[in-house]
Amino acid sequence: MERKYTTLEGETRILMEIELEPVQGERFQSTGFPDLGAAVYERPDGKRMLLVETVQSVANRMESVCLERGGPRISEKLAGLSYILVNLSGENINTETSSLMEAHRINSPFIISDKIFAGKFKEMCGYSKGKPIDWKKVAQTLFYFDINSLLHGAFLANLEDGRIRVPRAISGFIEAENIREVSSGGVKNNPIDPTGKIRAEGFDKDVYSNVPFYRIEYTAEKIKAYFNLDLSLIDGYGLDPDAKDLLISLSFYKIALFLKTGLRLRTACDLKAKGNIVVKEPQGFQLPDDKEIYENLKNLIQSCTNKNLFANPAVTKLNTKVYEKKDKVEKEKKGDEKIKENNAEEAQNND
């Protein structure tokens, strides 16, 4: 089929940004970190800045908007893209997960522990311990089984000696400029007994009394989302031209869908786009509109399917047996019960 992004030939990256604003009022809540709180910092010019959403979080959100009702299956609009669906079964366990949801995707122990799949993966990419890695074959194999691994990265630490590591091709973050703190708070009320002395039998955790809390929100002169698509990385994989164009189209689709449906980051951080996305590099390039992005995407999925660049069927289905690991206390309790049973049986035999 006709190439879609010939104007990008020779370009190293696409840098995009868009201004955001709260859907109501001026306040918003930032992301936070244990023992650290909000990521407030200063620019070299002294202006106070705030990291509203991290690279990791934006990556997760760009993945989640492509799931059907929260996952683990892919949206019907993206049917035909490669990924791995896993049925997890065991005692009192029957559920599903997929490479679209698991940390580092294919490296998930629920996936890579499947010896038949792991063997086929290694065979396709020519990977073995102690030998140089053929990165072109690795990229083709990842594209074949799970295209999103090439966009969002994968670290296959659980495969052989763990040398396959692919960085993100698409990344993004949100930050706020010239910020001010807004301090407020509230109380978790117990309408029955504020002292917390009245408790349910069998549930003695300290969660009953009134609990006051504080919160810090922010206002900002400007909030911006930034996106970076690494064309050099994609080009370096040496994939089929349609596969390369599909990675670019899928990146555009994820960004557009995230900006349209995924900006309610937290209860107190509901944002919306303020204007259109702007391409800073390369100069003169403009993103297609949403309709054109999706049409390109559908046509490129079909083209890659016709060229057998995806697994057939595109969804690789695995069945993984799982169990629930018992904690130490439960193990000791069961062990004591077993000892009592043995003692009772021995006493009965002696009688």
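Residue 1 is where the sequence shown starts when you use UniProt numbering, and the numbers rise one by one after that.
Ideal Cβ positions, reconstructed from N, Cα and C, are used throughout, including at glycine.
Count the other CB atoms, across all protein chains shown, that sit within 10 Å of the CB of residue i; report buried if there are 16 or more and exposed otherwise.
i, result
"F258", "buried"
"D35", "exposed"
"V278", "exposed"
"N312", "exposed"
"S184", "exposed"
"G236", "exposed"
"R199", "exposed"
"P44", "exposed"
"P194", "exposed"
"Q140", "buried"
"Y127", "buried"
"F203", "exposed"
"T97", "buried"
"A109", "The sequence given here places Pro at residue 109; Ala does not occur at that position. The residue is exposed, with fewer than 16 neighbouring Cβ atoms inside 10 Å."
"Y41", "exposed"
"P191", "exposed"
"V23", "exposed"
"A220", "buried"
"A59", "buried"
"V52", "buried"
"S99", "buried"
"K4", "buried"
"D327", "exposed"
"E102", "buried"
"D161", "exposed"
"A79", "exposed"
Consider the Cβ of residue i: report whether some Cβ of chain B lies at a distance smaller than 9 Å.
i, result
"Y127", "Considering every chain present, this structure includes no chain B. It has just one protein chain."
According to DSSP, is residue i helix, strand or coil?
i, result
"V52", "strand"
"Y41", "strand"
"E9", "coil"
"V138", "helix"
"P22", "strand"
"T305", "helix"
"I198", "coil"
"E292", "helix"
"F33", "strand"
"F310", "coil"
"F203", "coil"
By DSSP's criteria, residue i is part of a beta bridge. Which residues make up the other side?
i, result
"I174", "E53 and A225"
"M16", "F227 and V279"
"F213", "G186"
"N319", "N87"
"R168", "For R168, which the question treats as bridged, DSSP gives no partner whatsoever."
"E181", "Y218"
"F143", "Bridge partners of F143: none, in fact."
"residue 400", "Because the chain spans 1 through 351 in this model, residue 400 falls outside it and cannot be assessed."
Thinking C-beta only, is residue j closer than 9 Å to residue i?
i, j, result
"L156", "R165", "yes"
"K188", "F227", "no"
"L247", "L88", "no"
"A314", "F28", "no"
"E19", "K222", "yes"
"T320", "F145", "no"
"I179", "L309", "no"
"I111", "L318", "yes"
"R73", "L85", "yes"
"K224", "A154", "no"
"G90", "Y323", "yes"
"P241", "E11", "no"
"A256", "L263", "no"
"L250", "R13", "no"
I want to check one thing, is the minimum distance from the CB of residue i to the heavy atoms of the ligand NAP below 8 Å?
i, result
"K254", "The ligand NAP is not part of the structure shown, which contains no ligands of any sort."
In chain order, what are the residue ranges of uninterrupted alpha helix (DSSP H) at least 4 long that sit wholly in the segment 215-288? The qualifying runs are 231-236 and 241-261.
Residue ranges of each alpha helix (DSSP H) within the segment 51-137, 4 or longer: Taking only runs of at least 4 residues, the alpha helix (DSSP H) segments lying wholly in the segment 51-137 are 55-64, 109-112 and 115-125.
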